[in-house]
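Trainee: Numbering (mature numbering (1 follows the signal peptide of the UniProt record, and there is no 0)) for the sequence shown: -21 to -1, 1 to 115.
Here a beta-carbon is modelled for each residue, glycine too, at the ideal position from N, C-alpha and C.
Predicted, not measured: the structure shown is a model, and the values here were computed from it.
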Amino acid sequence: MKKPLLLVGVALALTTAAASAAKPQPTPDEQLQTALAGRVAGKPTSCINLASVTSTRIIDGKAILYRVGGRLYLNEPRSGAPSLRDDDILVTNTIGSQLCSIDTVRLVDRASQFPRGFVSLGDFVPYTLPAKDTLR
């Protein structure tokens, strides 16, 4: 009785894996649109305070999102963006406490720990949620 249950379990796991692999992955533009949904772009800035960054997210081949509190900063690198992969480790070397558009970020492969290249940052565009209308 245990063998048929084991075979059913293995078959179910393989079917589930095949179904999830068949699901189309969102494009980088779709990922970015989802991440910024409901947010409003502000005036670009050349630097952000690195100590205030609480998380980063890489959009494959396109951009890096930096979270500072409730605000997201979109950085579309001036060069090297096609090299970005969502599983890269970002290594920043800055002088001072600011991450600026003149800085470069090294990309390190998470599995092998080998350097993969670098990106030259662009301006940081802040995206915030609109203020709720409290007068209603």
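Buried or exposed: Gln10, going by 16 or more other Cβ atoms within 10 Å of its Cβ?
Mentor: Working through the sequence shown from its first residue, we reach residue 10 at position 31. So Gln10 ends up on the buried side.
Trainee: Tell me which residue opens and which closes the alpha helix (DSSP H) that Leu11 is part of.
Mentor: Looking up residue 11 in the sequence shown gives position 32. Residues Pro7 to Ala14.
Trainee: Which residue comes first and which comes last in the beta strand (DSSP E) that contains Gly96?
Mentor: The sequence position of residue 96 within the sequence shown is 117, counting from 1. Looking at the DSSP string, the run of the beta strand (DSSP E) that includes Gly96 is Pro94 to Ser99.
Trainee: Could you spell out where the beta strand (DSSP E) holding residue 159 opens and where it closes?
Mentor: Here the chain comprises residues numbered -21 to 115, so residue 159 is not present and cannot be evaluated.
Trainee: When burial is assigned at 16 or more other CB atoms within 10 Å of the CB, is Val19 buried or exposed?
Mentor: As a working note, residue 19 is residue 40 in the sequence shown. So Val19 counts as exposed.
Trainee: From Arg85 to Lys111, what does the alpha carbon distance come to, in whole angstroms?
Mentor: As a first step, residue 85 is located in the sequence shown; it is residue number 106 there, counting from the start. As a first step, residue 111 is located in the sequence shown; it is residue number 132 there, counting from the start. Their Cα atoms are separated by approximately 39 Å.
Trainee: Under 7 Å Cβ to Cβ from Ser34, same chain only, skipping five residues before and after it: list those, please.
Mentor: As a working mapping, residue 34 is identified with position 55 in the sequence shown. For Ser34, where only same-chain residues beyond five positions count, the Cβ hits under 7 Å are Arg46.
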